[in-house]
Amino acid sequence: MAATASLAGAPLATASPPGSMAPAQAWRRLVEGNERFVAGRQRHPHEGMAWRETLVEDQWPFACVLGCADSRVPPELIFDRGLGDIFTVRTAGEVLDESIIGSIEYAVEHLGVPLVVVLGHESCGAVTAAVELVRSGNGGSGSISTLLRGIEATVRGTPGDDDPDAFLAACVVNQARRVVTQLRERSALIREAVDAGRAGLVPAVYDLDEYRVTRH
Ligand SMILES: [Zn+2]
């Protein structure tokens, strides 16, 4: 019961600008929510009618999560957060384009979020398809091929493994890490915020079996 009590005591409200919150504190807040989700003890905060009214005029999210579009990995659910808490951007395989980068820049520059998380996940279909592209040359149709090319370099840069599952898991981690690197390289605004300590930028992976988000 001690663990439950300490979780229950964790602060949930963020009805003020997160400007004074350190990146590590924002990460801790996500971890605490994920621990509740892992334990099946979600509090589903910030969904009530009174809370919604506080958000009509403004928003103060304390984190930006760039996650995969996969239906099994909605950030608000796996971090047990509610309305106004997380500025969420989702694209299959966390692949970047200019609009995605611009959305994250908006969160950092205009909303002052102290933390950006690039969130991959176990059994990612987009990464699996990119592995297939590298192995067989089958790159999918339409704009899916463009998407998969955004993951191809990750697959080619990941050391081979006889175990396909282990290789896929390594590719998932490396994709989140590479997107973090790309964000730094392609956005001076994000890079400067991170280097100045105003924002953290971390790769992480969600485990579908154990429901846990691990920082990488
Ligand atoms: Zn995915």
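According to our numbering, the stretch in the sequence shown is residues 9 to 224, in order. Just so you know, even glycine gets a beta-carbon here, dropped at the ideal spot from N, CA and C. Every value quoted in this text rests on a predicted model; they were computed, and no experiment measured them.
Task: Expected contact under 8 Å - CB spacing of A134 and C76 to nearest Å - done: Here residue 134 refers to the residue found at position 126 when the sequence shown is read from its first residue. Here residue 76 refers to the residue found at position 68 when the sequence shown is read from its first residue. Right, their Cβ atoms sit about 7 Å apart.
Task: Residue(s) in a DSSP beta bridge with C72 - done: To locate residue 72, count along the sequence shown from 1; it is residue 64. Beta-bridge pairing links C72 to F95, V124.
- [ ] Output the distance between the C-alpha atoms of V210 and A201, rounded to the nearest integer angstrom.
- [x] In the sequence shown, counting from the first residue as 1, residue 210 sits at position 202. In the sequence shown, counting from the first residue as 1, residue 201 sits at position 193. The straight-line gap from Cα to Cα measures roughly 13 Å.
- [ ] Examine ligand 1 and report whether any of its heavy atoms sits within less than 6 Å of the Cβ of A134.
- [x] As a working mapping, residue 134 is identified with position 126 in the sequence shown. Yes, since a heavy atom of ligand 1 falls inside the 6 Å radius drawn around the Cβ of A134.
Open item on the list: Between D78 and ligand 1, is there a pair consisting of the residue's CB and a ligand heavy atom that are separated by less than 6 Å?
Closed with: Working through the sequence shown from its first residue, we reach residue 78 at position 70. For ligand 1, at least one heavy atom lies less than 6 Å from the Cβ of D78.
- [ ] Could you spell out where the beta strand (DSSP E) holding A212 opens and where it closes?
- [x] In the sequence shown, counting from the first residue as 1, residue 212 sits at position 204. 208-214 is the extent of the beta strand (DSSP E) around A212.
Task: Residue interval of the alpha helix (DSSP H) (run including T189) - done: The sequence position of residue 189 within the sequence shown is 181, counting from 1. It spans 172-194 - the alpha helix (DSSP H) in which T189 sits, taken as one unbroken run.
- [ ] On the DSSP bridge assignment, give the partners of H54 in chain order.
- [x] Position 46 of the sequence shown, counted from the first residue, corresponds to residue 54. According to DSSP, which records beta bridges pairwise, H54 is partnered with nothing at all.
Open item on the list: Among the candidates G90, P69, W68, E102, whose CA atom is the shortest distance from the CA of G41?
Closed with: Here residue 41 refers to the residue found at position 33 when the sequence shown is read from its first residue. Of the candidates G90, P69, W68, E102, the one whose C-alpha sits nearest the C-alpha of G41 is G90.
Task: Under the three-state DSSP convention, the category V166 falls into - done: As a first step, residue 166 must be located in the sequence shown, where it is residue number 158. In the sequence as presented, Val is not what sits at residue 166; that position holds Thr. Of the three classes helix, strand and coil, the one that applies to T166 here is coil, per DSSP.
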